[in-house]
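> Just so you know, we're using UniProt numbering here: the sequence shown kicks off at 1 and counts up by one. The structure's right below; bear with me while I get my questions together.
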Amino acid sequence: MKFSLFVHMERWDESISHRQLFEDLTELTLMAEAGGFSTVWIGEHHAMEYTISPSPMPLLAYLAAKTTTIHLGAGTIIAPFWHPIRVAGECALLDVISNGRMEVGLARGAYQVEFDRMAGGMPASSGGQALREMVPVVRALWQGDYAHDGEIWKFPTSTSVPKPIQKPNPPMWIAARDPDSHNFAVANGCNVMVTPLMKGDEEVLDLKNKFQAALDNNPDVPRPQLMVLRHTHVHAADDPDGWKVGAKAISRFYRTFDAWFGNKEVPVNGFLAPSPEEKFAARPEFELESLHKTAMIGTAEDIIPRIKYYEELGVDEFSFWCDNSLPHAEKKKSLELFIKQVVPAFR
Numbered sequence: 001m002k003f004s005l006f007v008h009m010e011r012w013d014e015s016i017s018h019r020q021l022f023e024d025l026t027e028l029t030l031m032a033e034a035g036g037f038s039t040v041w042i043g044e045h046h047a048m049e050y051t052i053s054p055s056p057m058p059l060l061a062y063l064a065a066k067t068t069t070i071h072l073g074a075g076t077i078i079a080p081f082w083h084p085i086r087v088a089g090e091c092a093l094l095d096v097i098s099n100g101r102m103e104v105g106l107a108r109g110a111y112q113v114e115f116d117r118m119a120g121g122m123p124a125s126s127g128g129q130a131l132r133e134m135v136p137v138v139r140a141l142w143q144g145d146y147a148h149d150g151e152i153w154k155f156p157t158s159t160s161v162p163k164p165i166q167k168p169n170p171p172m173w174i175a176a177r178d179p180d181s182h183n184f185a186v187a188n189g190c191n192v193m194v195t196p197l198m199k200g201d202e203e204v205l206d207l208k209n210k211f212q213a214a215l216d217n218n219p220d221v222p223r224p225q226l227m228v229l230r231h232t233h234v235h236a237a238d239d240p241d242g243w244k245v246g247a248k249a250i251s252r253f254y255r256t257f258d259a260w261f262g263n264k265e266v267p268v269n270g271f272l273a274p275s276p277e278e279k280f281a282a283r284p285e286f287e288l289e290s291l292h293k294t295a296m297i298g299t300a301e302d303i304i305p306r307i308k309y310y311e312e313l314g315v316d317e318f319s320f321w322c323d324n325s326l327p328h329a330e331k332k333k334s335l336e337l338f339i340k341q342v343v344p345a346f347r
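Structural data, given as structure tokens:
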């Protein structure tokens, strides 16, 4: 089992500067590298303070210079917002900067609020078309001269400059939930990242089964990697109520996700208040006790057997999702406990 860190700068009010958040993200990444994590993942989001990353590339390039072993994962690049030549070139440049440590995750995008601002209001649900067209194009550009005449992009003979260090190409990942997404990823030789969100480990099993079905549908393709991304909060064994800290924070994160995803309110200077708790009175998955069981919240003794179960299912990488609305000091404590008490059980 490999471990990775999925992290953004997240800002919940104006009391903390963006510069401080940048330094905090750097510190968490250095902790993860020292703890033997394989990759740090940073996604792409626009005009929203609660997940700050208008492009993962400058952050990862900076981290490449501060680190030596951890891989730098652009996870994710939102395909409809990019041109394939730019994706190929910027990812290859990051691979050169990091001396072969770049990984890229491609996604179709999720927030209509972003599509309204970045893609002229195109429906977020149609982003999958760009994703499916982009994956083979980027791979072809990494190999050499290539001309493209597609439904979305058309360009004459071009290539990626520079070329990536990793051969035949850097690892590519696809965020997948439905069977078609799993099948597309596997058929195109891409690794698969999944998140069960607020559902329990039965959802991890279901996602793994979809992945296995895609493997069965593509028997001639070498087996790609499977990663599970899960909100994680570890508390000390001598603090029996420590789980509530994580559950309350993750609940706030998901209620904020709901506000952004709902796209009903106009953001104010990049902020949206979390959807009110009463909205979810009939939604048990938002209750703290439920999140305690579904998110990866608990002591090391609670968490180790669950990740062992993932390992038995065939999961190759567990990603510690660090975005949770908690202050940096709390995130540090949780990550430190995970590194000291959980990771050794898998070595």
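Backbone N, C-alpha and C define an ideal beta-carbon position, used for all residues, glycine too.
Starting from Arg230, follow its DSSP beta bridges and name the residues at the other end.
One-based indexing of the sequence shown puts residue 230 at position 230. Arg230 is bridged to Phe320.
> Using the beta-carbon count (16 or more within 10 Å), is His18 buried or exposed?
Numbered from its first residue, the sequence shown carries residue 18 at position 18. Exposed, because fewer than 16 other Cβ atoms sit within 10 Å of the Cβ of His18.
> Under three-state DSSP, which class holds Ser38?
As a working note, residue 38 is residue 38 in the sequence shown. In the structure shown, Ser38 sits in coil (DSSP, three-state: anything other than H, G, I, E or B).
> Give the straight-line distance between the Cα atoms of Pro164 and Asn183, rounded to the nearest whole angstrom.
Numbered from 1 along the sequence shown, position 164 holds the residue referred to as residue 164. Numbered from 1 along the sequence shown, position 183 holds the residue referred to as residue 183. Distance between the alpha carbons of Pro164 and Asn183 is about 26 angstroms.
> Based on DSSP bridge pairs, tell me the residues matched to Asp239.
One-based indexing of the sequence shown puts residue 239 at position 239. DSSP, once it has assigned bridges, lists no residue as partnering Asp239.
> Whose C-alpha, out of Phe115, Met102, Asp13, Ser15, is nearest the C-alpha of His45?
Walking along the sequence shown from the start, residue 45 turns up at place 45. Taking only the C-alpha atoms, the option nearest His45 is Phe115.
> In the DSSP assignment, the beta strand (DSSP E) including Asp149 goes from what residue to what residue?
The sequence position of residue 149 within the sequence shown is 149, counting from 1. Counting along the chain, the beta strand (DSSP E) containing Asp149 begins and ends at 146-149.
> Helix, strand or coil for Glu49? Go by DSSP, reduced to three states.
The count along the sequence shown starts at 1 and reaches residue 49 at position 49. Glu49: coil per DSSP, three-state reduction.
> If you reduce the DSSP assignment to three classes, tell me which class Pro156 lands in.
By 1-based counting over the sequence shown, the position of residue 156 is 156. In this structure, Pro156 counts as strand in the three-state DSSP scheme.
> Roughly how many angstroms separate the alpha carbons of Phe280 and Phe286, rounded to a whole number?
As a position in the sequence shown, residue 280 is number 280, starting the count at 1. As a position in the sequence shown, residue 286 is number 286, starting the count at 1. Using only the alpha carbons, I get a separation of about 7 angstroms.
> The alpha helix (DSSP H) that contains Ile16, what's its start and end?
Here the question's residue 16 lines up with position 16 in the sequence shown. From DSSP, Ile16 is part of no alpha helix (DSSP H); its letter is neither H nor E.
> Pairing CB atoms from the region 196-204 with CB atoms from the region 121-135, are three or more of them under 8 angstroms?
Too few Cβ pairs lie closer than 8 angstroms, so no.
> Name the two residues that bound the continuous alpha helix (DSSP H) containing Thr294.
Taking the sequence shown and counting its residues from 1, the one referred to as residue 294 is at position 294. First-last of the alpha helix (DSSP H) with Thr294: 288-294.
> Measure the CB-CB distance between Ala74 and Met57 and report whether it falls below 8 angstroms.
The residue you call residue 74 lines up with position 74 of the sequence shown. The residue you call residue 57 lines up with position 57 of the sequence shown. Yes, the pair counts as a contact, with Cβ atoms nearer than the cut-off.
> In angstroms with no decimal places, state the Cα-to-Cα distance between Thr67 and Glu33.
Numbered from 1 along the sequence shown, position 67 holds the residue referred to as residue 67. Numbered from 1 along the sequence shown, position 33 holds the residue referred to as residue 33. About 7 angstroms.
> Is the region 328-341 touching the region 234-246, taking contact as three or more C-beta pairs under 8 angstroms?
With the cut-off at 8 angstroms, the region 328-341 and the region 234-246 touch.
> In whole angstroms, what is the alpha-carbon distance linking Lys208 and Val315?
Reading the sequence shown from its first residue, position 208 is the one you call residue 208. Reading the sequence shown from its first residue, position 315 is the one you call residue 315. If I take the Cα positions, the gap works out to 8 angstroms.
> Using a 10 Å radius around the Cβ and a threshold of 16 neighbouring Cβ atoms, would you call Tyr309 buried or exposed?
Sequence index remark: in the sequence shown, residue 309 carries index 309 (1-based). Its Cβ having fewer than 16 others within 10 Å, Tyr309 is exposed.
> Whole-angstrom Cβ separation of Phe318 and Met1, contact assumed at under 8 angstroms?
By one-based count along the sequence shown, residue 318 stands at place 318. By one-based count along the sequence shown, residue 1 stands at place 1. Indeed, because the Cβ distance is near 6 angstroms, the residues count as touching under 8 angstroms.
> Between the Cα of Glu90 and the Cα atoms of Gly121, Val135, Ser160, which residue gives the shortest distance?
Here residue 90 refers to the residue found at position 90 when the sequence shown is read from its first residue. When only C-alpha atoms are compared, the closest one is Ser160.
> Can you give me the C-alpha to C-alpha distance between Phe155 and Leu94, rounded to a whole angstrom?
Taking the sequence shown and counting its residues from 1, one reaches residue 155 at position 155. Taking the sequence shown and counting its residues from 1, one reaches residue 94 at position 94. Those two C-alpha atoms are separated by around 23 angstroms.
> By Cβ distance, which residues of its chain are closer than 7 angstroms to Trp321, with the 5 residues on each side in sequence left out?
In the sequence shown, the residue the question calls residue 321 occupies position 321. Taken in chain order, the residues that qualify are Phe6, Leu229, Arg230, His231, Thr232.
> Indicate whether Ala92 and Pro162 have their beta-carbon atoms separated by less than 8 angstroms.
By 1-based counting over the sequence shown, the position of residue 92 is 92. By 1-based counting over the sequence shown, the position of residue 162 is 162. The answer is yes: Cβ separation under 8 angstroms.
> To the nearest angstrom, report how far apart Arg347 and Pro54 are at their CA atoms.
Along the sequence shown, read from residue 1 onward, the residue named residue 347 stands at position 347. Along the sequence shown, read from residue 1 onward, the residue named residue 54 stands at position 54. Arg347 and Pro54: Cα-Cα distance of roughly 36 angstroms.
> Ends of the alpha helix (DSSP H) at Leu272?
As a position in the sequence shown, residue 272 is number 272, starting the count at 1. Unbroken run through Leu272: none, as it is neither H nor E.
> Taking the alpha helix (DSSP H) that Glu103 belongs to, which residues open and close that run?
As a working mapping, residue 103 is identified with position 103 in the sequence shown. Looking at the DSSP string, Glu103 is not in any alpha helix (DSSP H); the run it does join, the beta strand (DSSP E), is 102-107.
> Quick check: the Cα distance between Ala185 and Asn217, rounded to an integer number of angstroms?
The count along the sequence shown starts at 1 and reaches residue 185 at position 185. The count along the sequence shown starts at 1 and reaches residue 217 at position 217. Each residue's alpha carbon lies about 12 angstroms from the other.
> Considering Ser4, what are the terminal residues of the beta strand (DSSP E) in which it resides?
Here the question's residue 4 lines up with position 4 in the sequence shown. Here the beta strand (DSSP E) through Ser4 covers 2-6.
> Helix, strand or coil: how does DSSP classify His83 here?
Counted from its first residue, the sequence shown places residue 83 at position 83. In the structure shown, His83 sits in coil (DSSP, three-state: anything other than H, G, I, E or B).
> If I follow the unbroken beta strand (DSSP E) through Met9, where does it start and stop?
The sequence position of residue 9 within the sequence shown is 9, counting from 1. Run containing Met9: none; DSSP gives neither H nor E here.
> How close, in whole Å, do the beta carbons of Thr29 and His71 come, if the pair is a contact with beta carbons under 8 angstroms?
In the sequence shown, counting from the first residue as 1, residue 29 sits at position 29. In the sequence shown, counting from the first residue as 1, residue 71 sits at position 71. Thr29 to His71, Cβ: 11 angstroms. No contact.
> Within its chain, find whatever has a CB closer than 7 angstroms to the CB of Gly35; leave out the 5 residues flanking it on each side and keep chain order.
For the purposes of this step, residue 35 is taken as residue 35 along the sequence shown, with counting starting at 1. Contacts found: Ile339, Val343.
> Where do the ends of the alpha helix (DSSP H) carrying Val135 lie?
Numbered from its first residue, the sequence shown carries residue 135 at position 135. Counting along the chain, the alpha helix (DSSP H) containing Val135 begins and ends at 127-143.
> In terms of residue numbering, what span does the alpha helix (DSSP H) encompassing Leu313 cover?
For the purposes of this step, residue 313 is taken as residue 313 along the sequence shown, with counting starting at 1. That run of the alpha helix (DSSP H) goes 300-313.
> Please determine, among Met227, Ala214, Asp149, Ala187, the residue with the shortest C-alpha to C-alpha distance to Thr195.
Here residue 195 corresponds to residue number 195 of the sequence shown, with the count starting at 1. When each option's Cα is compared against that of Thr195, the closest is Met227.
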